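Below is one structure; the comments refer to it alone.
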Amino acid sequence: MTDMPDTTFTSDPSHHQDTQETDDAAGYYTPGDPIAETKAPGGPIEERWGTRQFEARIANPANRRRLSVIVVGTGLAGASAAATLGEAGYVVKSFCYQDSPRRAHSIAAQGGINAAKNYKGDGDSVYRLFYDTIKGGDYRSRESNVYRLAEVSVNIIDQCVAQGVPFAREYGGLLDNRSFGGVQVSRTFYARGQTGQQLLIGAYQALERQVAAGTVRTYTRHEMLELIVVDGRARGIIVRDLVTGEIETYFADVVVLASGGYGNVFFLSTNAMGSNVTATWRAHRKGAFMANPCYTQIHPTCIPVSGAHQSKLTLMSESLRNDGRIWVPKDAKDADKDPRDIPEEDRDYYLERIYPSFGNLVPRDIASRQAKNMCDEGRGVGPEVDGVRRGVYLDFAEAMERLGRKAIEDKYGNLFDMYAQITGEDPYEVPMRIYPAVHYVMGGLWVDYDLQGSIPGLFVTGEANFSDHGANRLGASALMQGLADGYFVLPNTIRDYLAEGPFDKVPEDHPAVVEAQQSVRDRIDRFMNTKGTRSVDSYHRELGNIMWEYCGMERSEDGLKKAIDLIRGLRDDFWRNVKVLGTSESLNQSLERAGRVADFFELGELMCIDALNRRESCGGHFRAESQTEDGEALRHDDQYAYVAAWEWAGEPGSQEMGKPILHKEQLTYEFVEMKQRSYK
Amino acid sequence: MKLTLKIWRQADTASDGAMHTYEVDEISEDMSFLEMLDVLNERLNSEGEEPIAFDSDCREGICGMCGLMINGEAHGPQVTTTCQLHMRSFSDGETITIEPWRADPFPVLKDLCVDRSAFDRMIQSGGYISVNTGAAPDAHATPVPKDNADRAFDVATCIGCGACVAACPNGSASLFLGAKITHLGELPQGQAERDSRVVNMVAQHDHEGFGGCTNIGECTAACPKEIPLDVISQLNKDLRHAIRRGY
Numbered sequence: 003m004t005d006m007p008d009t010t011f012t013s014d015p016s017h018h019q020d021t022q023e024t025d026d027a028a029g030y031y032t033p034g035d036p037i038a039e040t041k042a043p044g045g046p047i048e049e050r051w052g053t054r055q056f057e058a059r060i061a062n063p064a065n066r067r068r069l070s071v072i073v074v075g076t077g078l079a080g081a082s083a084a085a086t087l088g089e090a091g092y093v094v095k096s097f098c099y100q101d102s103p104r105r106a107h108s109i110a111a112q113g114g115i116n117a118a119k120n121y122k123g124d125g126d127s128v129y130r131l132f133y134d135t136i137k138g139g140d141y142r143s144r145e146s147n148v149y150r151l152a153e154v155s156v157n158i159i160d161q162c163v164a165q166g167v168p169f170a171r172e173y174g175g176l177l178d179n180r181s182f183g184g185v186q187v188s189r190t191f192y193a194r195g196q197t198g199q200q201l202l203i204g205a206y207q208a209l210e211r212q213v214a215a216g217t218v219r220t221y222t223r224h225e226m227l228e229l230i231v232v233d234g235r236a237r238g239i240i241v242r243d244l245v246t247g248e249i250e251t252y253f254a255d256v257v258v259l260a261s262g263g264y265g266n267v268f269f270l271s272t273n274a275m276g277s278n279v280t281a282t283w284r285a286h287r288k289g290a291f292m293a294n295p296c297y298t299q300i301h302p303t304c305i306p307v308s309g310a311h312q313s314k315l316t317l318m319s320e321s322l323r324n325d326g327r328i329w330v331p332k333d334a335k336d337a338d339k340d341p342r343d344i345p346e347e348d349r350d351y352y353l354e355r356i357y358p359s360f361g362n363l364v365p366r367d368i369a370s371r372q373a374k375n376m377c378d379e380g381r382g383v384g385p386e387v388d389g390v391r392r393g394v395y396l397d398f399a400e401a402m403e404r405l406g407r408k409a410i411e412d413k414y415g416n417l418f419d420m421y422a423q424i425t426g427e428d429p430y431e432v433p434m435r436i437y438p439a440v441h442y443v444m445g446g447l448w449v450d451y452d453l454q455g456s457i458p459g460l461f462v463t464g465e466a467n468f469s470d471h472g473a474n475r476l477g478a479s480a481l482m483q484g485l486a487d488g489y490f491v492l493p494n495t496i497r498d499y500l501a502e503g504p505f506d507k508v509p510e511d512h513p514a515v516v517e518a519q520q521s522v523r524d525r526i527d528r529f530m531n532t533k534g535t536r537s538v539d540s541y542h543r544e545l546g547n548i549m550w551e552y553c554g555m556e557r558s559e560d561g562l563k564k565a566i567d568l569i570r571g572l573r574d575d576f577w578r579n580v581k582v583l584g585t586s587e588s589l590n591q592s593l594e595r596a597g598r599v600a601d602f603f604e605l606g607e608l609m610c611i612d613a614l615n616r617r618e619s620c621g622g623h624f625r626a627e628s629q630t631e632d633g634e635a636l637r638h639d640d641q642y643a644y645v646a647a648w649e650w651a652g653e654p655g656s657q658e659m660g661k662p663i664l665h666k667e668q669l670t671y672e673f674v675e676m677k678q679r680s681y682k
Numbered sequence: 699m700k701l702t703l704k705i706w707r708q709a710d711t712a713s714d715g716a717m718h719t720y721e722v723d724e725i726s727e728d729m730s731f732l733e734m735l736d737v738l739n740e741r742l743n744s745e746g747e748e749p750i751a752f753d754s755d756c757r758e759g760i761c762g763m764c765g766l767m768i769n770g771e772a773h774g775p776q777v778t779t780t781c782q783l784h785m786r787s788f789s790d791g792e793t794i795t796i797e798p799w800r801a802d803p804f805p806v807l808k809d810l811c812v813d814r815s816a817f818d819r820m821i822q823s824g825g826y827i828s829v830n831t832g833a834a835p836d837a838h839a840t841p842v843p844k845d846n847a848d849r850a851f852d853v854a855t856c857i858g859c860g861a862c863v864a865a866c867p868n869g870s871a872s873l874f875l876g877a878k879i880t881h882l883g884e885l886p887q888g889q890a891e892r893d894s895r896v897v898n899m900v901a902q903h904d905h906e907g908f909g910g911c912t913n914i915g916e917c918t919a920a921c922p923k924e925i926p927l928d929v930i931s932q933l934n935k936d937l938r939h940a941i942r943r944g945y
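These protein sequence lines map, in sequence, to chains Y and P. The first sequence begins at 3 in this note's numbering and counts up one residue at a time. The second sequence begins at 699 in this note's numbering and counts up one residue at a time.
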């Protein structure tokens with residue numbers, strides 16, 4: 003989605019000499035053993051995936067009918083995995099909280115999907131996509147994983163076209179591509195502004211075909227509330243039927259979580275209302291490591307909040323920054339003036355001023371942070387919400403004068419319509435207002451090269467895992483990763499694990515099963531019986547404010563410590579004072595949300611601890627203490643070139659047992675040289 | 699603004715439902731319709747009355763999860779989804795009637811939530827192209843004329859919300875069905891199963907209890923994605939061809 007320019011890199015091996023050795027998070031965590039094994043084969047990078055596929059055992063076809071797989075989530079990463087595993091002959095159960103698998107939030111992705119097809123003959127290659135992704139991730143992802151992602155990207159396009167995904171085409175009937183995400187090649191395939199929708203419908207149809215074939219059974223309006231771990235292996239899940247309220251238990255030989263990202267910990271985000279962390283968080287509490295939870299991507303071109311009633315934020319394609327000019331009034335007292343009445347000399351085109359060579363096309367994180375700075379200075383525009391105007395102008399007047407209104411309509415018509423629909427303002431007449439919003443999380447459950455988590459038999463795909471984007475994700479790469487994981491990676495790695503099965507049947511009265519069922523029931527009873535005075539949403543909103551303020555675009559030691567205290571206080575109050583009406587034996591949306599918010603509290607605290615520990619700025623994580631003299635992000639490769647994988651250590655809190663355990667996975671770069679970016 | 703809301707409330711599928719009246723005040727015209735219901739629900743919760751159940755997820759008009767009959771119109775007075783409808787489309791003092799989708803194949807689960815799994819079963823009956831993962835030829839092996847690709851895309855934008863069914867006086871899902879038949883039928887990849895697809899999907903449509911098309915056109919008028927009525931002509935044409943060829 004980004005149309006940011008290619009970054010200028012300067013090699014600066016000495017940049018970290020001046021940092022203080024410090025452990026900001028001391029007292030909040032327990033140091034653990036490093037992670038030594040990721041299962042990635044060695045050797046030339048282009049041979050690693052082939053080697054792994056060859057070495058992964060294959061369960062014989064007759065045996066597959068006796069091997070079962072649970073897949074939680076039906077977005078790109080879940081639906082594609084469930085369909086492919088069904089085709090292979092495994093017995094698959096697919097779960098989603100929505101009323102149909104087709105609703106999953108992958109459907110809302112607008113921009114496109116990258117693939118190293120080099121159909122344009124412009125010098126693209128698997129290696130170049132690999133290189134761009136490593137660089138875009140600010141050198142915080144694994145080379146082996148990223149190379150594989152680039153390698154299978156080409157197969158995704160073939161598969162989707164064969165399924166009938168109506169990608170944009172040229173007059174000759176061949177596929178069209180565009181340039182995206184600040185790269186110099188055109189490798190992004192798209193279906194107007196609805197690429198995610200079309201890819202998801204492709205995967206959904208493949209999934210429903212397997213339902214008809216009898217290999218997959220779908221459980222819609224079912225939410226996973228607990229993972230069952232027996233003898234050290236993930237063996238099943240506990241779910242709630244969201245219509246009847248019934249608590250049900252399902253077993254399998256392996257469990258796949260494809261439940262998406264946790265951006266809704268901020269309450270306001272571009273995620274769907276129901277997007278949540280519960281499936282992965284329950285697995286985390288059962289021993290699955292959570293990796294780099296603080297890596298959050300914030301998107302600069304969203305429609306601003308219009309009032310206290312706001313329930314979600316809507317993203318507009320960042321391509322708008324190609325022609326729109328971003329500004330705020332020089333003087334705060336002009337904030338509520340009609341922008342058309344503010345003369346040129348009273349406007350501050352701050353990105354053009356601060357970054358003369360990149361101007362309005364600086365990367366997402368810089369554009370976002372500067373917008374927040376302007377609003378914090380009191381120069382924001384638009385409605386005042388909680389005492390602050392949070393918006394900046396994105397002005398097309400100059401572009402329309404230069405190119406004509408028609409050209410702007412052709413390029414951005416659908417985005418302008420969307421803006422007008424939501425705000426009631428005509429962006430052809432009045433400058434648009436934009437503000438950053440949480441869009442994607444790079445963090446997620448830790449997985450090895452096989453996409454297996456730290457619990458054997460638990461696999462994690464798509465946004466739910468941490469694997470491929472490092473500290474920041476390139477535009478048009480989320481769809482690529484979801485489908486790469488689900489169609490091509492997971493089915494080839496999970497078979498190695500399944501070749502050991504079928505495992506012994508788990509008895510319904512196994513203590514681990516009874517305990518998991520009981521804990522789900524106890525938690526639901528606690529929500530129903532607290533009978534407090536505050537609604538679930540009011541807590542969620544307050545938690546979101548804390549996260550946005552202290553663990554959003556810019557984080558500092560003091561702010562993060564304060565946030566942890568605030569979260570702990572609010573969480574205690576939540577458990578004493580939350581009010582959930584209705585019954586647990588029926589459709590009860592307040593009850594559903596209560597469970598999700600309870601998990602967001604625990605996740606939010608861990609995000610703050612992770613951010614506190616990482617006293618460097620990298621990708622989507624900006625620490626105020628780690629910036630250059632010019633205010634740019636500064637990495638510290640000598641101290642933080644690792645994946646922070648956190649192990650659950652009990653209910654969070656100040657007591658010793660609640661301190662999460664940090665396992666470091668050191669990142670090594672054999673092929674790409676680590677460089678520091680510069681945008682001046 | 700101040701509004702009077704008449705809202706359908708029903709405990710579950712087996713229970714009888716009834717309209718309930720609620721007064722709301724201080725509604726901003728910048729609120730979406732669903733945010734207005736959020737505000738009402740917060741108040742009901744504080745007053746000790748169970749909040750009203752309604753479906754929504756993406757709240758940006760693409761997932762198809764939301765859908766309400768508003769003053770008798772599917773998704774209300776604008777050509778958009780319920781989540782993208784804003785309160786500036788209503789005036790101060792107005793009375794708004796809010797009901798769930800009405801159609802036998804969409805039973806009410808609770809209040810404003812309905813069960814649309816019939817749509818999934820229709821897709822299962824043939825709404826796909828049979829190609830296993832890894833079995834695809836190179837994407838450029840078969841060029842697709844731009845006109846066909848564009849037409850396929852236009853109708854593939856269906857979000858499966860069910861407004862067409864709710865709006866149809868005969869409870870037909872022909873627009874939903876026609877959109878899928880046309881999407882896959884426009885593409886060379888969809889030809890091999892074209893006949894069996896239309897026959898099986900129509901059979902499933904009828905089996906689910908959807909009515910036949912009576913050419914009223916309410917479906918396309920209510921469709922938030924403006925799927926054109928002629929996909930139903932395409933559906934009938936494909937069906938006629940398939941039957942003539944002995945399917």
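Ideal Cβ positions, reconstructed from N, Cα and C, are used throughout, including at glycine. Please read all numbers here as calculations on a predicted model, not as lab measurements.
The C-alpha of Cys781 of chain P is placed about 16 Å away from the C-alpha of Ile725 of chain P. Across the structure, Ala850 of chain P and Asp25 of chain Y are spaced so that their CA atoms are roughly 57 Å apart. In this structure, Ser102 of chain Y lies near Thr222 of chain Y, with their beta-carbon atoms less than 9 Å apart. Using beta-carbon distances, Tyr945 of chain P does not count as an interface residue toward chain Y, since no partner is under 9 Å.
Put simply, the backbone Cα of Arg570 of chain Y is about 33 Å away from that of Ala79 of chain Y. Leaving aside the five residues that flank Ala90 of chain Y on each side, the residues in its chain whose CB is nearer than 7 Å to its CB run, in chain order, Arg66, Pro493. Runs of the alpha helix (DSSP H) lying entirely within the region 866-912 of chain P and spanning at least 4 residues, in chain order: 872-883, 892-906.
Nearest CB-CB separation between Lys581 of chain Y and chain P: below the 9 Å threshold. Our two residues, Pro385 of chain Y and Ala613 of chain Y, have alpha carbons roughly 31 Å apart in a direct line.
Judged by pairs of C-beta atoms under 8 Å, the region 327-337 of chain Y does not touch the region 507-517 of chain Y, as fewer than three such pairs exist. At least one C-beta of chain P is nearer than 9 Å to the C-beta of Ala85 of chain Y. If you ignore the 5 residues before and after Ala27 of chain Y, its C-beta comes within less than 7 Å of the C-beta of Ile611, Leu614, Asn615, all in its own chain and listed in chain order. Of all residues in the region 95-118 of chain Y, only Gln100, Asp101, Ser102, Arg104, Arg105, His107, Ile109, Ala110 come within less than 7 Å of chain P when Cβ atoms are compared, listed by chain position. Between Thr217 of chain Y and Val94 of chain Y, the C-beta gap is smaller than 9 Å, which places the two residues in contact. The beta carbon of Phe874 of chain P lies closer than 6 Å to those of Cys862 in the same chain, with the five residues before and after it left out. Within the same chain, Cβ atoms closer than 6 Å to the Cβ of Phe132 of chain Y are found at Val148, Tyr149, Ala152, the five residues on either side in sequence being excluded. Interface with chain P (9 Å Cβ-Cβ cutoff): Tyr499 of chain Y is excluded. Neighbours of Phe851 of chain P in chain Y, taken as residues whose beta carbon is under 7 Å from its own, are Pro168, Ala193, Arg194 in chain order. Residue pairing from DSSP places Gln708 of chain P in a beta bridge opposite P:Gly715.
Cβ neighbours of Gln629 of chain Y within its own chain (closer than 7 Å, five residues either side excluded): Ser619, Ala635, Leu636.
Ala118 of chain Y is positioned such that its CB atom lies no closer than 9 Å to that of Val167 of chain Y. Taking a Cβ-Cβ threshold of 8 Å, the residues of chain P close to Leu177 of chain Y are Ala837, His838, in chain order.
When secondary structure is reduced to three states using DSSP, Asn830 of chain P falls in the coil class, being assigned neither helix nor strand.
DSSP places Val256 of chain Y in the uninterrupted beta strand (DSSP E) bounded by 256-259. A distance below 9 Å separates the beta carbons of Glu225 of chain Y and Gly597 of chain Y.
By the C-beta criterion, the region 757-770 of chain P is judged to be in contact with the region 792-809 of chain P, since at least 3 inter-stretch pairs fall below 8 Å.
Cβ neighbours of Phe752 of chain P within its own chain (closer than 8 Å, five residues either side excluded): Leu732, Leu735, Cys764, Leu766, Asp809, Leu810, Cys811.
Less than 9 Å separates the beta-carbon of Glu627 of chain Y from that of Glu559 of chain Y. Under the three-state reduction of DSSP output, Cys296 of chain Y falls in the coil class, being neither helix nor strand.
Sequence-distant partners of Arg497 of chain Y (beyond 5 residues in either direction) whose C-beta falls short of 8 Å from its own C-beta, in its chain, are Ala58, Arg59, Ile60, Ala61, Ala90.
In the structure shown, Gln423 of chain Y falls within a helical segment according to DSSP collapsed to helix, strand and coil. Under the 8 Å Cβ criterion, the region 404-423 of chain Y does not count as touching the region 259-279 of chain Y, having fewer than three qualifying pairs. Within its own chain, the residues whose Cβ lies closer than 7 Å to the Cβ of Pro886 of chain P, once the five positions on either side in sequence are excluded, are Thr840, Val842, listed in chain order. Close CB contacts of Gly361 of chain Y within its chain, under the 6 Å cut and outside five residues either way in sequence, are with Leu353, Glu354 (chain order).
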